């Protein structure tokens with residue numbers, strides 16, 4: 004059983020591959036947190052996954068242009084529309100540069116009408132153990148950090164409005 008999986012009323016476990024959710028992920032970026040006085044570079048995770056296409060109005064200094072690798076519908080040119088079949092996996096070493104460091108922050112903005120036990124993202128180690136993850140439960144957001152206790156936040160994010168997490 005996957006860490007954090009919840010049982011339904013019938014007693015069955017909701018599988019990760021069969022989640023029924025509609026999720027608009029507008030911004031998902033990771034920014035290294037440092038004590039230095041310089042502005043740390045960010046990583047546009049959607050762009051690194053090939054899910055965001057840079058058009059001519061984008062700032063060329065923020066990211067390099069590349070065509071999308073996966074055809075994922077977007078609304079109004081912002082974000083990515085994920086459905087029940089959405090699953091993307093990539094090694095962390097190819098997502099973040101080597102000089103990224105150990106301390107970082109995630110900035111996420113999403114809009115959703117419904118989701119059930121959906122992991123927004125997770126980072127696993129070589130033995131497939133969850134090291135860090137953010138799970139969206141009905142009226143809750145759960146943050147998993149290695150072997151430490153999970154942190155639960157009561158928050159109704161399933162109202163179709165834009166919500167930002169940091």
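Residue numbers (the numbering used here): 4 to 169. The C-beta atom is built at its ideal place from N, Cα and C for all residues, glycine as well. Bear in mind the structure is a predicted one, so any value in this text is a computation, not a measurement.
For the candidate residues the options, whose alpha-carbon lies nearest to that of residue i?
{"i": "residue 91", "options": "152, 51, 146, 145", "result": "51"}
{"i": "residue 100", "options": "147, 165, 167, 47", "result": "47"}
{"i": "residue 169", "options": "111, 97, 96", "result": "111"}
{"i": "residue 150", "options": "128, 84, 124, 108", "result": "128"}
{"i": "residue 154", "options": "165, 140, 167", "result": "140"}
{"i": "residue 167", "options": "109, 97, 45, 103", "result": "109"}
{"i": "residue 53", "options": "103, 130, 98", "result": "98"}
{"i": "residue 106", "options": "86, 130, 135", "result": "135"}
{"i": "residue 143", "options": "133, 156, 126", "result": "156"}
{"i": "residue 45", "options": "165, 104, 133", "result": "104"}
{"i": "residue 85", "options": "145, 93, 124", "result": "124"}
{"i": "residue 137", "options": "130, 131, 126", "result": "126"}
Take the Cβ of residue i as the centre, count every other Cβ of all protein chains shown within 10 Å, and call the residue buried at 16 or more, exposed below.
{"i": "residue 88", "result": "exposed"}
{"i": "residue 31", "result": "Summary for residue 31: the model assigns pLDDT 39, below 50, so the residue's position carries little reliability; its value from the coordinates is reported in the next sentence. Burial call: buried."}
{"i": "residue 120", "result": "buried"}
{"i": "residue 95", "result": "exposed"}
{"i": "residue 67", "result": "Any answer about residue 67 is weak, because its pLDDT of 40 lies below 50 and its placement is not dependable; what the coordinates show is given next. Label assigned to residue 67: exposed."}
{"i": "residue 147", "result": "buried"}
{"i": "residue 79", "result": "Because the pLDDT at residue 79 is just 49, under 50, the model does not fix this residue reliably, and the value given afterwards should be weighed accordingly. Residue 79 is exposed by the Cβ-count criterion."}
{"i": "residue 122", "result": "buried"}
{"i": "residue 49", "result": "buried"}
Using the DSSP secondary-structure output, state which residues sit across from residue i in a beta bridge.
{"i": "residue 157", "result": "143"}
{"i": "residue 136", "result": "125, 147"}
What are the boundary residues of the beta strand (DSSP E) that residue i is part of?
{"i": "residue 125", "result": "121-127"}
{"i": "residue 168", "result": "166-168"}
Can you tell me where the alpha helix (DSSP H) with residue i in it begins and where it stops?
{"i": "residue 97", "result": "95-98"}
{"i": "residue 51", "result": "48-51"}
Discussion item. If contact is defined by three or more beta carbon pairs under 8 Å, each pair taking one atom from either stretch, is the segment 149-165 in contact with the segment 115-125?
Written reply: Judged by pairs of C-beta atoms under 8 Å, the segment 115-125 touches the segment 149-165, as three or more such pairs exist.
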